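Enquirer: The following block contains the structure, expressed as structure tokens.
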Amino acid sequence: MSSSEFDTSRLETLLPGVLQRLERIAVALESATGIQAESAFPQDAPAYRWERLHGLLGGGHLVPVREPALIRFEDLRNVERQKEAIERNTRQFVEGRPANNVLLTGARGTGKSSLIKACLQAFQERGLRLIEIDKDDLADLRLLVQLIRNRPERFILFCDDLSFEEGEGGYKALKTALDGSLTGSASNLLIYATSNRRHLLPEKMSENLESRLGENGEIHPGDTTEEKVSLSERFGLWLSFYPFSQDDYLAAVEQWLQHFGFDAARIEAARTPALLWSRTRGARSGRIAWQFARDYAGRQR
1 MSSSEFDTSR LETLLPGVLQ RLERIAVALE SATGIQAESA FPQDAPAYRW ERLHGLLGGG
61 HLVPVREPAL IRFEDLRNVE RQKEAIERNT RQFVEGRPAN NVLLTGARGT GKSSLIKACL
121 QAFQERGLRL IEIDKDDLAD LRLLVQLIRN RPERFILFCD DLSFEEGEGG YKALKTALDG
181 SLTGSASNLL IYATSNRRHL LPEKMSENLE SRLGENGEIH PGDTTEEKVS LSERFGLWLS
241 FYPFSQDDYL AAVEQWLQHF GFDAARIEAA RTPALLWSRT RGARSGRIAW QFARDYAGRQ
301 R
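Reminder that position 279 of the sequence shown reads as 279 in full-length UniProt numbering, one-by-one numbering, no gaps.
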């Protein structure tokens, strides 16, 4: 028997065992990287939080949130146009019709995050689920999409206070999930993100110049600008939020004091303390109105 014949027969003998070992290694790696099989999807809950595993291989898993903090659409004031747009978009999504990813930007405390929670409150009985993910974990989006792609529910991926600094790479994974993946995003997943920044990435004055040489030696700084702007453009629906006027702020205070059981006379008496509260905070918003109402109701018993 020649050495080549011996090697071939030996290989045929060893091959089944090698394949079994490779299969076991693949299963172990899949588990270590946090890729959950469909059968391992968490027990049904209205909301989930993506929790990253910070081991050698990274990955993550979904943690059920049994009693999420929700709010009703009707409890939100001074955002009627934004409320109508996001409610319509979410209804289309839940009904299986085309719908857009949504970017909510603008003044702090004006109801951006609350509107997304209101979507869950309104549509959870119709199969809508919310997944909250931190921007630092966006590199796991591919794993998350694989996990929920074949699920019967409809999922909104909620990323709050989204923005990126120079050198952060998570925005590339987000761009791919929004529009650029070869396999496409899951048909049962939309991304709703809030930010105080319209374009999500910092821009420099030099990037708006038609110069051929950037400050850092980059030959075409305009290409960098296009890269940054393209992320926010991948959200099909933009909703902008603005600071409250004094009347808007007082209307929000009135609503929350009614929530705590105050009658009209006591609400009227609270106007001056409410305005003083907003001046000490240096802003007027729905969040500040809520904070005042809680403090005032607590002190008034």
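C-beta atoms are modelled at their ideal positions from N, C-alpha and C, and glycine is treated no differently.
In this text, all values refer to a predicted model and were calculated from it rather than measured experimentally.
In whole angstroms, what is the alpha-carbon distance linking L276 and R294?
Expert: Approximately 15 Å, taken between the alpha carbons.
Enquirer: As a quick exercise: from S245, R234 and H259, pick the residue whose alpha carbon is nearest that of A107.
Expert: Here the closest residue by C-alpha is S245.
Enquirer: Report, in whole angstroms, the separation of the C-beta atoms of F235 and V102, which I expect to be a contact under 8 Å.
Expert: Between V102 and F235 the Cβ distance is about 6 Å, and since that is below 8 Å, they are a contact.
Enquirer: Unbroken beta strand (DSSP E) runs of length 3 or more, entirely within the stretch 115-148: which are they?
Expert: With a minimum length of 3 residues, the continuous beta strand (DSSP E) runs that stay inside the stretch 115-148 are 128-132.
Enquirer: On the DSSP bridge list, what partners appear for S195?
Expert: S195 pairs with T105.
Enquirer: Within 10 angstroms of the Cβ of H259, are there 16 or more other Cβ atoms? Answer buried if so, exposed if not.
Expert: Per the 10 Å Cβ criterion, exposed.
Enquirer: Taking the alpha carbon of Y296 as the reference point, which residue from C159, F155, G282 and A270 has its own alpha carbon closest?
Expert: Taking only the C-alpha atoms, the option nearest Y296 is A270.
Enquirer: When the Cα of L147 is compared with those of G111, V94 and L189, which residue comes out closest?
Expert: Of G111, V94 and L189, the residue nearest in Cα terms is L189.
Enquirer: List in chain order: all unbroken alpha helix (DSSP H) runs of 4+ residues lying wholly within the stretch 63-94.
Expert: With a minimum length of 4 residues, the continuous alpha helix (DSSP H) runs that stay inside the stretch 63-94 are 80-94.
Enquirer: Would you kindly report the start and end of the unbroken beta strand (DSSP E) that includes L157?
Expert: It spans R154 to C159 - the beta strand (DSSP E) in which L157 sits, taken as one unbroken run.
Enquirer: Between the Cα of S185 and those of R149, S195 and A139, spot the shortest distance and give me the residue it belongs to.
Expert: The shortest Cα separation from S185 among R149, S195 and A139 belongs to R149.
Enquirer: Between P64 and Q43, how many whole angstroms is the CB-CB distance? I'm expecting something under 8 Å.
Expert: With 8 Å as the limit, P64 and Q43 qualify as a contact, their Cβ atoms being about 6 Å apart.
Enquirer: Determine which residues share a DSSP beta bridge with F241 and list them.
Expert: Partner(s): G106.
Enquirer: If you count every other CB in all the chains shown that lies within 10 Å of the CB of A69, and 16 or more means buried, which is it?
Expert: That one is exposed.
Enquirer: Out of curiosity, what's the CA-to-CA distance linking V94 and S195?
Expert: Cα-Cα distance, rounded: 24 Å.
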